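What the sequence shown shows, in this note's numbering, is residues 9 to 213, in sequence order. In what follows, a single structure is set out as structure tokens and then discussed.
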Amino acid sequence: MILCRSHKLYFRTSIGLFPISQIDYTTKTLIISHVPSSSSTHFVSPALLSSGLPSPPNLTNSLLLFHCSNPTKPISESFQNCPKFEALQESQKPSCLILEDLGDLKQSFHPNDLKCSNFIRVYRNSSDFGLRNGYKLGTSISFDIPDHVPNPCKECEKADGHCGVGLRCLCHVVECKDKVFSEGGIVRPGGKFLLSLLPVFVMII
9 MILCRSHKLY FRTSIGLFPI SQIDYTTKTL IISHVPSSSS THFVSPALLS SGLPSPPNLT
69 NSLLLFHCSN PTKPISESFQ NCPKFEALQE SQKPSCLILE DLGDLKQSFH PNDLKCSNFI
129 RVYRNSSDFG LRNGYKLGTS ISFDIPDHVP NPCKECEKAD GHCGVGLRCL CHVVECKDKV
189 FSEGGIVRPG GKFLLSLLPV FVMII
């Protein structure tokens, strides 16, 4: 999911690589960077970027649309006129529409549905209803990284756990809950386990 290439981090998806501008391992959130304004021909559904991942708990993704010549279409009911954005050019402000929460956007939506020429992806703090901190350029995505490397011997503690099968897991026999499946047969907990692995070691040597 996260790829390092030429000392830069990318978010890897089935539809391509997206540069990461910020990553927070505490909140398990990353920010995908975007250009200030993109042509509608380059639009990718936000649902495809975060498919199967939970929504960021503290951040809300929004979509800005510009120069829409068909704003009367029913789908535009979810959009509103843009609030005051200091970063927007004067020519952009009158023609700007915003969808506050991309979670309300259908996956099939495309800016061409409203005949919009450009779009911008932004995000904000979910609790910042007064927009004191405003919007920031990018898309926030939640991710999950295990806090530690999984212990393969944990598999041995399960019912019918296996130790030493194909040398995938070398655990002491007492760690196996019920029995040990090995090259030499079945060993009950408390039994000797070294001899069952001996033929395997001989083959390797």
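From the three backbone atoms N, C-alpha and C, an ideal C-beta is built for every residue, glycine too. Note that the structure is predicted; figures quoted are calculated from it, not measured.
Where residue i sits in the DSSP three-state scheme
i	result
residue 109	coil
residue 192	In this prediction, residue 192 scores a pLDDT of 44, lower than 50, which makes its location untrustworthy; the coordinate-derived value is nonetheless stated afterwards. Note: residue 192 maps to coil in three-state DSSP.
residue 66	coil
residue 199	Legend: pLDDT at residue 199 = 45, less than 50; position of this residue unreliable, value from coordinates given subsequently. Note: residue 199 maps to coil in three-state DSSP.
residue 116	coil
residue 86	helix
residue 187	Confidence is the limiting factor: at residue 187 the pLDDT is only 49, short of 50, which leaves the residue's position unreliable and the question unanswerable from this model.
residue 14	coil
residue 46	strand
residue 173	Bear in mind that a pLDDT of 42 at residue 173, under 50, signals an unreliable position, so the model cannot answer this.
Residues that DSSP places opposite residue i in a beta bridge
i	result
residue 74	104 and 126
residue 38	31 and 149
residue 131	69 and 144
Distance between residue j and residue i (C-alpha atoms, nearest Å)
i	j	result
residue 29	residue 40	6 Å
residue 72	residue 58	18 Å
residue 70	residue 77	20 Å
residue 11	residue 51	22 Å
residue 38	residue 56	16 Å
residue 88	residue 112	13 Å
residue 67	residue 90	19 Å
residue 126	residue 26	19 Å
residue 5	residue 110	Any answer about residue 5 is impossible in this case: the structure gives the chain only from 9 up to 213.
residue 121	residue 43	22 Å
residue 9	residue 61	11 Å
residue 45	residue 74	9 Å
residue 31	residue 54	19 Å
residue 117	residue 14	34 Å
residue 34	residue 22	26 Å
residue 19	residue 119	23 Å
residue 133	residue 64	10 Å
Boundaries (first-last residue) of the alpha helix (DSSP H) holding residue i
i	result
residue 54	54 to 57
Cβ separation of residue i and residue j, assumed to be a contact under 8 Å, to the nearest whole Å
i	j	result
residue 151	residue 36	6 Å
residue 142	residue 129	About 15 Å; that fails the 8 Å criterion.
residue 239	residue 107	This structure does not reach residue 239, given that the chain is present from 9 up to 213, and the question cannot be answered.
residue 48	residue 124	6 Å
residue 131	residue 144	6 Å
The beta strand (DSSP E) enclosing residue i, as first and last residue numbers
i	result
residue 33	Premise fails: residue 33 is in no beta strand (DSSP E) and is neither H nor E.
residue 23	Counting along the chain, residue 23 falls outside any beta strand (DSSP E), and DSSP gives it neither H nor E.
residue 150	147 to 150
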